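Here's the structure we're looking at; comments come further down.
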Amino acid sequence: MLRPGSEEEVSELLRAADADGRKLVPRGGGTKQTWGRPAEGEPLSLRELDRLVALEPGDFVCVVQAGMRLADLDAALRADRGHRQRLMLDPPHGADATLGGIVATNASGPLRHRYGAPRDLVIGARLVLPDGTRAKTGGKVVKNVAGYDLARLLCGSLGSLAVITELAFRLHPVPEESRTVLLETRDAARAARFAAAARGGGLMPAVLELTWPDGRVVARFDSTPDAAKEQAAAAAAHDDEARVLSDSERRMLGPRIEGRPWTADGPVVGVGVPLARIADLLELAAEHGEDLALRGGVGVGEARLKAEPDAVAAFVRGVTALGGHVARRRVPDDLLGDAWPADDPVVRSLTLAVKAQLDPRGTLSPGRLAEAA
Amino acid sequence: MTADIRPLLDDCVHCGFCLPTCPTYRLWGEEPDSPRGRILLMDLVEKGELAVTDTVVQHWDRCLGCMACVTSCPSGVRYDALIESTRAKVEREYRRPRGERWRRTALFSVLPYHRRLRPAAYALALRLPAPKIAPRLKLSAIRQQPPARTPAQGAPRMRVAMLLGCVQRAFFGDVNAATARVLAAYGCEVLAPRDQGCCGALELHAGRAPAAERRRTALLDRLATLGADRIVVNSAGCGSALKEADHPAAALVRDVHEVLAELGPPVGLGRLDLRVAYHDACHLGHAQGVRAQPRAVLAAIPGVQLLEVPDPEICCGSAGVYNLLQPDAAADLGRRKAAAIDALRADVIAAANPGCLIQIAAYLERRIETLHPVQLIDRALRGG
Amino acid sequence: MIAELERAVGAGNVMTDPAQVASYACDGLTGYRVSPSAVVLPATTDEVAACVRICADAEAPYVARGAGTGLSGGALPVADGVVIGLQRLRTILAVDVENERVTVQPGVTNLAVSAAVAPLGYYYAPDPSSQQVCTIGGNVAENSGGAHCLKYGFTIHHVLAATFVTADGRITRLGHPVPDSPGIDLLGVVVGSEGTLGIVTEIVLRILPRPEAVDTLLAAFDSTDAAGDAVSRIIAAGVVPAAIEMMDRLTIEAAEQAVHAGYPDCEAALLVELDGPEAEVRSLRPVIERLCREAGATEIRRAEDPDQRARMWKGRKAAFAAMGRVSPDYYVQDGVIPRTKLPEVLRGIRELEATYGLRVGNVFHAGDGNLHPLVLYDGSEEGASDRALEVATKILELCVEHGGSITGEHGVGHDKVCSMPKMFSGDDLTVMDRLRAAFDPSGLANPGKVLPTPRLCGEVPGFHRVHPVEAAGLGERF
């Protein structure tokens, strides 16, 4: 596999491939190669670009090479005992995923509730175009509106527009204290109500996660010790069976929630619905799905569906009818079905125009943007 | 009046904070009909880069002169002085189309003369056909007037000279009569000489400066001879014009609510169980900065529930003779103001300016009483 | 073309009179004025699209305009071009509190959005100081921030979807009312694109529930260094206030004259606002006070009620416009530096003041290192405005030298186009240019803004713009 060791090498490799008409598919930890439409090409691994380039704790900024694994960045930040900061991302497969891959897929986990998706945490990037052009976008300061926000364009572009070589992220302080509230229920309406209550009346959870159909609502409050305890108690009061967990209970809960819904085989989709339709989504997941992990305060998450084309189609149609969106994350062709909504033609033409400007010869991840369609 | 407006023009930094408070900008969303845009036109004309064309005059004419922009401007731009000076310049240098000239001449040969307004007052009181804007008047009301002298009730605390006005005097004699009674009840000796003329406000705000100055000076000269502690005005437009005069007596001018608030309510103010919507007349709120006193005076009446009108800083569209010269824009603004007031379900609307009361009454859906605040106080004094 | 525009929007909504178009010749940046050939005021998305198509067919450059309060000249017209004013699209179309979103037209003012949802206990978070007059359309174009963006982010974090008119007059929807939708983030690129990629005609905004508690305090310091130190301590302690604003003596004086907010007499003042759950605000307030005192605060005042809080903010928000009271002219800039570099950069600014003999007032979003230096000058003095411009440019250079940005929230517009090469290489700019060409191959959407052109700035080494004629294979560059 192609494994460039520097941005310069990336540029040379790309330029050569572009000139030769060879196709390349960028790859980090290889944990999300199934996201989106399949792309045809030779893998281009960014794993050799794995350094922490800069850490500015006073400014809450870090700069990393795209091939660095999130787990390694976490370890580096934890090792800096003088400053308690973290990159607030907890996407699935976090142990092996690289930051470049996380950004290219815009993948997130429960922390998305408070801290946003990768596109909200990236403040700058370095990239290489197939013609070898090496460029930067954004900077090392959070507040910056100079020029176009190419970093945002790259988030979720699934490696189809450019190869990301370096990323600057905004970090957040690690809170002092944490308290978790758990409600176990199989009643969708009750779960949705509790989720709404846990973030109403001034309560500000850091995490508000629902898992279904096994029926859990988890609200975590990170703050000063007093505030974490008070908020957790206030949230738990909204349902007789909700309770504030002890530390050991919290520790036991962790593994049962982490990594969902990827923890077994089966088609996985990204999903998002309006907040008022969360209960409906839970019902849909119970009917056609095996496992749903949802950020209950945003309405987005992921679902593993029953491995039947009808189930997939019904789920897609159902979510679309709720005014939501669905994304292919691990759905083999034979389960795809035809229920997926078509792209708006103008959006498609703008997407292809952007692609044509950045990758005119279609060297990167061909097929990802359904160019041929 | 300011001769050299250049320093005033330079105060404007083009920030645009005046736009959302300007009634014409709220109506049309067009830059040349905003204070910032009008100042820019004045700036270009003053520099000689733009001639005073029909278009330019039209945008200046469309300004209501409400001075909401003066209140909202963080840079302290004296837009009131700018528009006054500009309107006077237009009257001096620009030749209006004939029809317009005649209309203005006709208006200003009647409005400043209360005697010439009398026939119109009777016509309206007798319900003769009249345009929509015309107020419904009562014969009993238009025949009232305050005596030349009203002694103070109890120990006299102040001697005041009272302005009778023109439209107020001819159409709303009852307001004048109530004003004198109320002032007397609050401890004032009230002098309201019959031989007083117009303050010139309408002409001043329309750019007819020489006539306006003459009238204003004559009026202040007359009222200054009375040895009064204050010159009290119950019409917002008149009060603002008089306060701005370059005349020794100008320092004595007060709106009636300022005096009443200063003196404090007398014993014996009866109860009125009424929901009262108070409307800020532009020349009282924006031009004179008098907002708290009328509210305080009304709130002091037992049983009165004071309601705030939404978007209080936006003019009702009366603006002097604006509703006669720019009827469409005035109608739009009148409808908006009336709708905001209708939504309050008030029993009574109180405003300290005859023009406002006429304008609002013309557009209300529900027929409710439109009064000057002193009329409410008068009622309360007479037993509630 | 004028006749066609009149047919599209109605003759009364097309202005060509020299006096009228002159009033659109600049926005909040008054140093540059260009009268357009026409100003057109459409009232619907279809009319906006029709105007764009008409301009495209006539090859007439066009500039979209909101309230014209921008400070980088983003709405500066192009000579012989058209201004498409969006002021008549000013309706709030839908309020959907259940799903925490509001749909508005671009001419709705920022404050009107919050006002519409306030009775329901919600608000719209991005709060530029001009929020009572600036429009959502303008906010989208500039990716506006405001004092509370330290905690709540910028416009991009609060826009879910938008109806978009492309540079060739087609209508589409970008984004999705539910966040994190799949696909290329075209909306993310359009927000902050300063009107160079197309025009938004409907925007779905995210609204937030009002925080349970708010605490505002005003701290006085003997120097900007001390105030900056307080900011560093607060951030280092892991506290994220909703806002931290700093003003220096000059700006405090001007603001006091304008709004009489009752600010203390001091060299520098910090306005710190905490918000969130009541218990959290309660625990953090003493922490902030202690940190301010440790940094040398001479006085700390707390807002006891909403009126006091409003007055404290009024002083800050009126600061720019109030400068008109202490100087005939001023030039406000907008630069960002890493927070840790604040003392050095402030020192650098003071040196510039001495060198050029001009006073500079400073207002900062201290929490995120966003400076707003106000360079004061008297335009009637020979050469003063040029010197002021030089000082402002040098301040921007200082910012970039220290690892910051030439603009935190005002945008590049016309004003900082020629400073872009200080921050970006030729290759960086080439990539941006290609992105622009993807959206607007003909280069008619707000040309001359954001990216430097040889005509405006001279050649930028390595920055090669592919001319549409070249791209079509009809010509060659030599």
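Residue numbers (the working numbering), protein chains in the order written: chain R, 120 to 492; chain G, -13 to 370; chain Y, 7 to 484. Cβ coordinates follow ideal geometry from the N, Cα and C atoms, glycine included. In this text the structure is predicted, and so the values were computed from the model without any measurement.
R:Ser342 carries a strand assignment under DSSP once its states are collapsed to helix, strand and coil. Judged by DSSP secondary structure, R:Leu171 falls within the beta strand (DSSP E) whose first and last residues are Leu171 to Glu175. Residues of chain R whose Cβ lies closer than 8 Å to the Cβ of Y:His163 are, in chain order, Gly235 and Asp239. Between the beta-carbon of R:Ile242 and that of R:Phe179 there is about 10 Å, and that puts the pair past the 8 Å contact cut. Sequence-distant partners of Y:Pro349 (beyond 5 residues in either direction) whose C-beta falls short of 7 Å from its own C-beta, in its chain, are Asp231 and Gly234.
Among the residues of the segment 156 to 184 of chain Y, those with a Cβ less than 9 Å away from any Cβ of chain R are Leu156, Gly159, Phe160, Ile162, His163, Phe170, Thr172, Arg176, Ile177, Thr178, Arg179, Leu180, His182, Pro183 and Val184, in the order of the chain. At a cut-off of 8 Å between beta carbons, G:Pro18 contacts chain Y.
Proximity of the segment 17 to 26 of chain G to the segment 36 to 54 of chain G meets the contact definition, three or more beta-carbon pairs being nearer than 8 Å.
Classified as buried, Y:His164 has 16 or more neighbouring CB atoms from the shown chains inside 10 Å of its CB. Pairing R:Ala355 with R:Leu329 gives a Cβ-Cβ distance that is not under 8 Å. Under a 10 Å Cβ-count criterion, G:Val253 is classified as exposed, with fewer than 16 other Cβ atoms of the shown protein chains found around its own Cβ.
Contact between the segment 372 to 390 of chain Y and the segment 428 to 447 of chain Y is absent, with fewer than three C-beta pairs closer than 8 Å. Out of Y:Asp102, Y:Gln138 and Y:Asp311, the CA that lies nearest to the CA of Y:Gly127 is found in Y:Asp102.
The shortest C-alpha to C-alpha distance from Y:Val423 to any of R:Val264, R:Arg233 and R:Val260 is the one to R:Val264.
Here Y:Ile250 is bridged, per DSSP, to Y:Val278. Here Y:Val27 is near Y:Ser41, since their CB atoms are less than 8 Å apart. Interface annotation, Y:Arg96: in contact with chain G, CB-CB separation under 8 Å. For Y:Met7, no alpha helix (DSSP H) segment is defined, and its DSSP state is neither H nor E. Distance check between Y:Pro185 and each of R:Arg188, R:Glu159, R:Gly442 and R:Ser468 places R:Gly442 closest, using alpha-carbon atoms only. A direct Cα-Cα distance of roughly 22 Å separates R:Arg231 from R:Thr153. Three or more pairs of CB atoms, one per stretch, sit closer than 8 Å, so the segment 320 to 337 of chain Y contacts the segment 258 to 265 of chain Y.
In summary, G:Glu299 is buried, with 16 or more beta-carbon neighbours lying within 10 Å of its beta-carbon over all protein chains present. In the structure shown, the three-state DSSP call for R:Asn225 is coil. Assigned with DSSP and collapsed to three states, G:Ile217 falls in strand.
Contact between Y:Cys140 and Y:Ala73 is confirmed by a C-beta separation of about 5 Å, below the 8 Å threshold. In terms of Cβ geometry, G:Ala138 and G:His100 do not form a close pair [threshold 8 Å].
Annotation for R:Arg379: Thr330, Asp410 and Ala412 place their beta carbon closer than 7 Å to its own, counting only its chain and skipping 5 residues before and after. DSSP, reduced to helix, strand and coil, places R:Glu161 within a strand of the structure shown. Of all residues in the segment 227 to 257 of chain Y, only Ser238, Ile241, Ala242, Ala243, Gly244, Val245 and Val246 place a beta-carbon less than 9 Å from a beta-carbon of chain R. Residue ranges of uninterrupted alpha helix (DSSP H) with 4 or more members, entirely inside the segment 37 to 78 of chain G and ordered along the chain, are 40 to 47 and 54 to 58. Residues of chain G with a Cβ closer than 7 Å to the Cβ of Y:Asp23 are, in chain order, Thr41.
For Y:Glu295, the CB contacts under 6 Å within the same chain, skipping 5 residues up- and downstream, are Ile306 in chain order. In its chain, beyond the 5 residues on either side, Val38 and Val43 have a beta carbon closer than 8 Å to the beta carbon of G:Tyr80. For G:Val153 and G:Gln279, the gap between their C-alpha atoms comes out near 24 Å.
Going by DSSP, R:Ile397 is part of the alpha helix (DSSP H) stretching over Ile397 to His407. Non-local C-beta neighbours of R:Ala353 in its own chain, meaning closer than 7 Å and more than five positions away in sequence, comprise Leu322, ordered along the chain.
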